[in-house]
Amino acid sequence: MKKQIIAAAVATSVSAIAMADISISGNANYEYFAKEDTTGFKTNYGDTEVNLFVKGKTGDTTVVANFEIDEAGTAAAGTGIDVEDLYIASKIGDINVKAGDFASGTTALGGEIDNGSRAVNKVSLSTKVGPATVGYHVSESGGAYNTDGAAITASMNVAGVDLSIKEQSDSYTLMGAKGSVAGVNYRIENWDSDSADSDVLFYEVGTKFGGLNVSYAAIDADAASLVTEDDSSIFAQEMASASAAPKAGVDGVNQITVSTDVDGTTLTLKAGELTGIATKQDAAFYQIAAKRKLASGATINVSYDDYETHDITTGSTMTDTQVFEIDLSVAF
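Shown next as structure tokens:
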């Protein structure tokens, strides 16, 4: 009898989950670092992170809650459970509505320039107007909604080119174009600030030569404090540090990337430099990485970084740092 009751309870629970259309997915990774520099400093350390993505859906409405769990069981500052995204996406007639706490990614318009930090109680409205998608976006700041910081966006495809624009009144106009011509992929974005000497240009071009994927990417800023993206999907060394603090004395970055697959292992070489302002030296860097899917379902990525310290005045000695990293990750 007890077994029948338990079986009925389990069946009811499973049925309720199925009817609610709830899904849970995620990923996890462990990173080991060995670091040293030319001053004689040496250290090795690790980092563990688990991400859980919870999604509930009913009709045209979706609820999302994404959690980051970092360094569980430690007392270190900034560790524990962080709610990465928390929002509702729905429709009101022909208008798409997304409301809550969420951030834009690095592939979004301006994603390699601005860190797209998570906005609190952000509301995004979008709809189709002919071939274009237009939107209005506003978020809460300082405990209130400030419409002066609201942005209007528009995007459309013209002859195979994805064109987009974002306008924030009295602040900036961001324009982008993305597409492919004769096998060459390109992405170009220009941050046109309403303030003097505060513009930023980002571009990337890439193509394939035989079995090699080759690309070149660069950011050129009018000043050293304008780029805040600190989790780039492209650059091995970025113009911003942790917590999106712009790197002092750096007003640009350029990098060439070459990658290929060898027997199921992806090999990647990145080489470039952080360009210094007039009184600072350029800081060169390179990264070699090998990434492979394991039979167990996990993925291993081994990389070696070598980079010079930025913000060093002209004529001064630069410190060279080497970092060896092993990253074991899995998605579920």
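Numbering (the working numbering), first residue to last: -2 to 329. Glycine included, each C-beta is placed from N, C-alpha and C at the ideal position.
Between T254 and G90, what straight-line distance do the alpha-carbon atoms span, to the nearest angstrom?
-> Looking at the two C-alpha atoms, the distance is approximately 45 Å.
Counting only the same chain and skipping the five closest in sequence on each side, list residues whose C-beta sits under 8 Å from that of N41.
-> Excluding residues within five positions, the ones whose Cβ falls inside 8 Å are Y29, F30, A31, K32.
What residue from N26, Y183, I216, V197 has the CA that sits closest to K205's CA?
-> Comparing Cα-Cα distances from K205 to each of N26, Y183, I216, V197, the minimum goes to Y183.
Hey, how far is the Cα of K267 from the Cα of N143?
-> Approximately 41 Å, taken between the alpha carbons.
CA-CA distance, A72 and V47?
-> Caution applies to A72, whose pLDDT of 47 falls short of 50 and renders its modelled position unreliable; the model cannot decide the point.
Candidates E109, G107, I92, E137, of which the one nearest T124 by Cα | When C-alpha distances from T124 are compared across E109, G107, I92, E137, the shortest belongs to I92.
Own chain partners of G261 with C-beta closer than 8 Å, once the 5 adjacent residues on each side are dropped | Correct list, in chain order: R289, K290.
Spatial distance of A215 from S256 (CA atoms) = Between the C-alpha atoms of A215 and S256 there is a straight-line separation of about 18 Å.
What residue does the beta strand (DSSP E) around N154 start on, and which one ends it?
-> Segment 148 to 155, the beta strand (DSSP E) holding N154.
Might you give, ordered along the chain, the residues of its own chain that have their beta carbon closer than 7 Å to the beta carbon of Y133, omitting 5 neighbours on each side?
-> Leaving aside the five residues that flank Y133 on each side, the residues in its chain whose CB is nearer than 7 Å to its CB run, in chain order, L122, A147, I149.
DSSP state of D44 mapped onto helix, strand, coil | In this structure, D44 counts as strand in the three-state DSSP scheme.
Could you work out which residue in A86, S168, N210, V131 is closest to S195 when comparing CA atoms only?
-> Taking only the C-alpha atoms, the option nearest S195 is S168.
Taking the DSSP output, what are the residues bridged to F282?
-> F282 pairs with G269, Y304.
Range covered by the beta strand (DSSP E) that runs through S123 = Here the beta strand (DSSP E) through S123 covers 116 to 126.
Near D79, what residues of its chain come up, given a Cβ to Cβ distance below 6 Å and the 5 sequence neighbours on each side ignored?
-> Result list for D79: E65, in chain order.
Cβ neighbour criterion (16 or more within 10 Å) applied to L209 | Exposed: under 16 other Cβ atoms inside 10 Å.
If you follow the beta strand (DSSP E) that S87 is part of, which residue opens it and which one closes it?
-> In the DSSP annotation of this structure, the continuous segment of the beta strand (DSSP E) that includes S87 starts and ends at 77 to 89.
Tell me which same chain residues have a C-beta within less than 6 Å of the C-beta of D279, skipping the five on either side of it?
-> Cβ neighbours of D279 beyond the five flanking positions: E270, T272, G273.
Consult DSSP for D324 and reduce its assignment to one of helix, strand or coil.
-> Per DSSP, reduced to three states, the secondary structure at D324 is strand.
Is A72 helix, strand or coil when you go by DSSP?
-> Because the pLDDT of A72 is 47, which lies under 50, any placement of that residue in the model is unreliable, and the number read from its coordinates should be weighed accordingly. Secondary structure at A72: coil, using DSSP grouped into helix, strand and coil.
Which one of V158, E68, D159, N187 has the shortest CA to CA distance from T170?
-> Residue N187 holds the alpha-carbon nearest to the alpha-carbon of T170 among V158, E68, D159, N187.
Quick one: Cα of L49 to Cα of A179, how far?
-> Going by the C-alpha atoms only, they are around 40 Å apart.
Figure out for me which residue from S138, V155, A96 has the closest Cα to the Cα of V120.
-> Among S138, V155, A96, the Cα nearest to that of V120 is on A96.
With DSSP collapsed to three states, give me the class of D227.
-> Taken through DSSP and simplified to helix, strand or coil, D227 comes out as coil.
When the Cα atoms are used, what is the spatial distance from I231 to T265?
-> Distance between the alpha carbons of I231 and T265: 12 Å.
Below 8 Å on the Cβ atoms is my guess for K54 versus D111; work out the distance and round it to an integer in Å.
-> Their Cβ separation, rounded to whole angstroms, is 30 Å, which puts K54 and D111 out of contact at 8 Å.
Simplified DSSP assignment, three categories, for D191 = The answer is coil: DSSP assigns D191 none of H, G, I, E or B.
Can you tell me where the beta strand (DSSP E) with M172 in it begins and where it stops?
-> 169 to 178 is the span of the beta strand (DSSP E), which, as asked, contains M172.
For F199, count neighbouring Cβ atoms within 10 angstroms of its own Cβ and tell me buried if that reaches 16, exposed if not.
-> By the neighbour-count rule (16 or more Cβ atoms within 10 Å), F199 is buried.
A100 and R115: beta carbons closer than 7 Å?
-> For the pair A100 and R115, the CB atoms are nearer than the 7 Å cut-off.
Sort out for me which residues DSSP pairs I162 with in a bridge.
-> Bridge partners of I162: A151, M172.
Excluding sequence positions up to five away, which residues of its chain have a Cβ less than 8 Å from the Cβ of A237?
-> Once the five neighbours on either side are set aside, the close Cβ partners of A237 are N112, V224, T225, E226, D227, P243, K244.
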